[in-house]
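Here's the structure, in structure tokens; my notes come after.
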Amino acid sequence: MAENMEEEMRIENKTSDEDSMSDDSDSSESDENKEQDEAYIRELEKELSKNPYVYNKHVELIKKLRETGDFQRLWSAREAMQQLFPLSEELWLEWLRDEIPLVSEQEERDKVEKLFENAVKDYLSVPIWLEYVQFAIGGMGSDDGRQRVTDVFERAVTAAGLHVTQGANIWEAYREYENAVLAGLMPQAGAVVSKEQEEAFTAQSNKIHSLFKRQLAVPLMDMEETFAEYKEWVGGLVDPEVEKAFNRALAMLEKVKPYEDELLAKHQMQEPSLLEAYNKYLDFELLEGDPARIQCLFERALQENCLQPDLWLRYTKYLDEKLKIGSISMVAYERALRNVPWSAKLWCNYILMLERTSQPFETVKATMDKALAAGFTEAADYQTVWTVYCDYLRRRINWNAGKFWRIRNWREYIERAVDHLYENFGTEGDPDASLRQFWANIEARHCSNLERARELWNQVMQEGYGSQASMWMAYYHLERACGDAGHCRRILQQALNSVTDWPEYITKAYIDFEREEGHLEQYELACSRCEAQLARINERRAKAAEKEAVLKEQKKQQRTVGKAQKKAEKGQENVDISKIEKVQGKDTVTRNSSEKLVGRWSATVTGAHSVNATNRKRKVEEDDGAQGFKVPALPGATLPAAKKVKQDEDLSENVDHGEFVHHDSSKDNITAFVSNLNFEVGEDRLREVFGECGEITEVRLVKNYKGKSKGYAYVEFTQPSEVLAALKKDRQMLDNRPIFVSRCEDRSSGRHQTHFKFATAMEKNKLFVRGLPFTCTVQDLEAIFGQHGKLKDVRLVTYRNGSSKGLAYIEYENEVRLLAYIIPNFLFGAISNPPPRKAPQGQTSQVPTLGSGKKDTEMRGKARTQVMLMPRAVQRGEVKPTKSSGPTGKSSTSAEPHSSGDTSNTSLSNADFRKMLLK
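According to UniProt numbering, the sequence shown holds residues 1 to 919 in order.
Set out below in structure tokens:
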């Protein structure tokens, strides 16, 4: 017995020691995690202190602080984020649900109630309103608690009671609360009911009846159930007015159901944007014209599309033009600019709304300062905002009251606007000098300060606008209205010598002015100057037109030469050489002279780089100079690859045939050749795709003379191993087209032996499937065949344009078993076992064909054109003599013809030829 007790004590001590060690280990691990979390939190706080406008960093900081349970810092982080950004429904609910359990005093309740007020301002959210009313019910112990609950419920049904899909939740919560109050007024059995109690009970009952009546007049989902509940509540005695309103609402619900169904379908498909569906819905509601429903639908749309400036613009425009309630519009603009502060149009409309509602100057000025701090990216945005604000300042001036401080204020800001735009964007800040034109017009017309107006216009003309007739005419019209004839004449004379875009406009204005204001000598002088200037301008125009015609003719000649070269490249020997020589200014040309001509054409071609990939021969001829065009070899002519020929000046001038890619053959080991590209794919897209393989030094996309892609490119990496990674992307789809990726090699010196990249023997783990629908995708195949084993690769065979051939290879990790079980009935499938491929020939063979001479064959096999009209039996060589019986019945000896088909020495009968053909 004692031994058993000792054994038990040893076990207990051992267990306690192990538990102690485990606790110490867990404690140390927990401390280490806390240190890591604290370091990460400090890093996030440091980043936000440098740039507080990073939304995701705020979210991450809040999440991490919530995990650590540091509620004091968590409150500060949430407060800082809420000051800068509107919070989503999820963030608000999380915050509120964290704070509500901690409420113990009235001060804390007021703090949480303030949070609710901020939450319902950001976006329309039925769950937040439900949380708000529930929180308000929890505070009914105060003197005005019941009234505050009623106020919150009324605000909730006003804001969200028209929400077709979720609004019924608010109404039902409201009625449930009022029913609970009614139950509290119910007298106990046997008790004497006083008159005051009876009146209170009746008033509460009427209040619930009013709630039913209000709810049933609103088109909401499942409103038939609410009507059935109402009938039960009134004991079947339905108010005719309530039933009539219910039928109208039900009819409206049928109208809006298609729009609600579309939104629900898009929600279920998890589409990122519902803006198009909401815009259709809004179009319908705007036609119906119910302001409350329209406003509620706008709020629903904005909750899910809060970063769409166009939607905010549409909402605020509706409020400005239809509702015209300044307080509602102001709140909407403030919310809009918290969501999309980069919209200059919204800032301008906000300033105009503030002016329309007679807001104080300090409010408008503060709004303008916020707009300038919003950080627009385009100069046009700043110009638009400055223009609207300067217009506002100008309208504040009463020119008859003599308030000169407002004029000084306007001058100060318009000068600040001009300087701001010029310092930050140069002449692009105000490309039409509209602000200075506006400034000069006000100075001249309202301030009678012509000298300042002329200074402004002279500044404009000296900044590059002097060649534009419209600018000179604006200056002239201002001087004509406010100045004198001398300055008008001077402006027109300067314009005559400066304008290049529309001189006829200036000459007409100059002559008309002298007809009205000048004497005979001045009129004749104006006519002679205008005639001389127009003559010079017409001469320049004629030269420019002649030069343009020459360039056009040169391009036409280049196209003609290019067409002839393409025909020559295709192997047509009967090239019209005289046509080519005629283009070059000669009447006749021999085959030898055409070789010289090709040499002249190839003056800028310094080398040839041909690349063979995906069992096709591709040639890329590159330019090593600034201008030039590619020239394939004509039949009978050779194009030297290394020899440089002096370029003929007549041909090199104004040649614009393409954009050439310079290639360094020493970098072939770190360069991948990509072809069969979609013509819409650019260099940035290639960098994005191949950036996964390694660091890209350069992407050289080959383009034609119009600057459009030719469908192939060179991708240069820093390491050869990165090229190997790029080769794995061969045959991958890029913008619905398979790309061919191969090594970049100089193969112009001779034939290149290509290697088939797939296995040619039986592969028991790979299925060959044919008969697929042409719409079948790789994802479809993975879904079908992935049920029967772990897939290693799925390869859909396609044409060069990306269209499916109806074939596929399904490769599993392990050997395929139960083939009949795997392959669907409508498909044909088998273990991959392709027929043996013909070995590539080491030397070029020649096959006699019909016409076009003899065609070379390569590893692909025989050339296509190989039809022979001579029977194969006739092509055979000599055969042994055969005996046949002659007409007399004696045996006679004859021989079959030779392979040449010559039958001059032996005559055969038709029966003999028939026998040979049947063999």
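Ideal Cβ positions, reconstructed from N, Cα and C, are used throughout, including at glycine.
When the options are compared against residue i, the one with the closest alpha-carbon
{"i": "Asp730", "options": "Leu677, Asn669 and Lys63", "result": "Leu677"}
{"i": "Ser528", "options": "Phe740, Glu539 and Glu514", "result": "Glu514"}
{"i": "Cys94", "options": "Glu105, Phe116 and Arg445", "result": "The sequence given here has Glu at residue 94, not Cys. Nearest option by C-alpha distance: Phe116."}
{"i": "Glu692", "options": "Lys728, Gly786 and Ala251", "result": "Lys728"}
{"i": "His163", "options": "Leu525, Glu243, Leu253 and Gly139", "result": "Leu253"}
{"i": "Lys46", "options": "Leu61, Tyr712, Glu35 and Gln36", "result": "Leu61"}
{"i": "Lys401", "options": "His446, Glu196, Tyr382 and Asp110", "result": "As written in the sequence, residue 401 is Ala, which differs from the Lys given in the question. Nearest option by C-alpha distance: His446."}
{"i": "Glu90", "options": "Thr363, Asp98 and Leu701", "result": "Asp98"}
{"i": "Pro773", "options": "Thr507, Ser803, Tyr422 and Gly167", "result": "Ser803"}
{"i": "Gln493", "options": "Trp472, Leu421, Ile823 and Ser210", "result": "Trp472"}
{"i": "Ala444", "options": "Tyr422, Asn424 and Asp484", "result": "Asp484"}
{"i": "Ser49", "options": "Met81, Gln36 and Lys63", "result": "Met81"}
{"i": "Met330", "options": "Glu355, Asp310 and Pro86", "result": "Glu355"}
{"i": "Ile739", "options": "Val689, Asn398, Glu716 and Gln779", "result": "Val689"}
{"i": "Leu319", "options": "Leu264, Glu423, Pro291 and Arg338", "result": "Pro291"}
{"i": "Met221", "options": "Gln204, Glu260 and Val242", "result": "Glu260"}
{"i": "His788", "options": "Lys322, Leu767 and Arg411", "result": "Leu767"}
{"i": "Asp369", "options": "Val59, Tyr382 and Glu243", "result": "Tyr382"}
{"i": "Ala761", "options": "Val126, Pro834 and Ser498", "result": "Pro834"}
{"i": "Asn247", "options": "Leu237, Glu224, Glu232 and Ala265", "result": "Glu224"}
Cut-off 8 Å between Cβ atoms - residues of its own chain near residue i, not counting five sequence neighbours on either side
{"i": "Gln459", "result": "Arg436"}
{"i": "Leu124", "result": "Ala159, Ala160, His163, Cys296, Glu299, Arg300, Leu302 and Gln303"}
{"i": "residue 947", "result": "Residue numbering for the chain in the displayed model covers 1 to 919; residue 947 lies beyond these limits and cannot be assessed."}
{"i": "Gln197", "result": "Leu185 and Pro187"}
Three-state secondary structure (DSSP) of residue i
{"i": "Phe404", "result": "helix"}
{"i": "Val149", "result": "helix"}
{"i": "Met81", "result": "helix"}
{"i": "Pro738", "result": "strand"}
{"i": "Glu815", "result": "coil"}
{"i": "Pro635", "result": "In this prediction, Pro635 scores a pLDDT of 34, lower than 50, which makes its location untrustworthy; no coordinate-derived value is stated."}
{"i": "Asn592", "result": "Only weak support exists for where Asn592 lies, its pLDDT of 40 falling under 50; the value from the coordinates is given anyway. DSSP places Asn592 in helix when its eight states are reduced to three."}
{"i": "Thr614", "result": "Bear in mind that the predicted position of Thr614 carries a pLDDT of just 36, short of 50, making it unreliable; the figure below should be weighed with that in mind. Thr614: coil per DSSP, three-state reduction."}
{"i": "Leu352", "result": "helix"}
{"i": "Gly786", "result": "helix"}
{"i": "Leu791", "result": "strand"}
{"i": "Met368", "result": "helix"}
{"i": "residue 928", "result": "Outside the shown range of the chain, which is 1 to 919, sits residue 928, and nothing can be said about it."}
{"i": "Val499", "result": "coil"}
{"i": "Gly141", "result": "coil"}
{"i": "Thr158", "result": "helix"}
{"i": "Phe376", "result": "coil"}
Residues that residue i bridges to, as DSSP identifies them
{"i": "Ser709", "result": "Lys703"}
{"i": "Arg743", "result": "Ala672"}
{"i": "Val797", "result": "Leu807"}
{"i": "Ile831", "result": "Leu767"}
{"i": "residue 975", "result": "Any answer about residue 975 is impossible in this case: the structure gives the chain only from 1 up to 919."}
{"i": "Met733", "result": "Pro738"}
Cβ-based neighbour list, residue i, same chain, cut-off 6 Å, excluding 5 preceding and 5 following
{"i": "Ala371", "result": "Trp347 and Val385"}
{"i": "Arg800", "result": "Asn676"}
{"i": "Arg737", "result": "Asn678 and Gly802"}
{"i": "Gln134", "result": "none"}
Sequence-distant residues of its chain with Cβ nearer than 7 Å to residue i (five each side left out)
{"i": "Gln215", "result": "Trp171 and Thr226"}
{"i": "Ala417", "result": "Trp386, Cys390 and Leu435"}
{"i": "Ala725", "result": "Cys693 and Gly694"}
{"i": "Arg207", "result": "First, the residue type needs correcting, since residue 207 is Lys and not Arg in the sequence shown. Around Lys207: Glu178."}
{"i": "Leu286", "result": "Ile294"}
{"i": "Tyr281", "result": "Tyr259 and Leu297"}
Neighbour flag for residue i against chain D, beta carbons, 8 Å
{"i": "Ala672", "result": "Chain labels in this structure do not include chain D; a single protein chain is all it has."}
- Message: Give the list of continuous alpha helix (DSSP H) stretches no shorter than 4 residues that lie fully inside the region 191-257.
- Response: 195-216 and 223-233, all fully within the region 191-257.
- Which residue spans inside the region 411-474 form an unbroken alpha helix (DSSP H) run of at least 4? 434-445 and 450-460
- Sequence ranges, alpha helix (DSSP H) only - wholly within the region 664-703, length at least 4: 683-690
- In chain order, each alpha helix (DSSP H) run of at least 4 residues that lies wholly inside the region 32-80: Segments of the alpha helix (DSSP H) lying fully in the region 32-80: 55-68.
- Query: Enumerated in chain order, which unbroken segments of the beta strand (DSSP E) with a length of 3 residues or greater are wholly contained in the region 260-347?
  - Reply: none
- Task: Please list the segments of the beta strand (DSSP E) lying wholly inside the region 505-533, counting only runs of 3 or more residues, in order along the chain.
- Result: none
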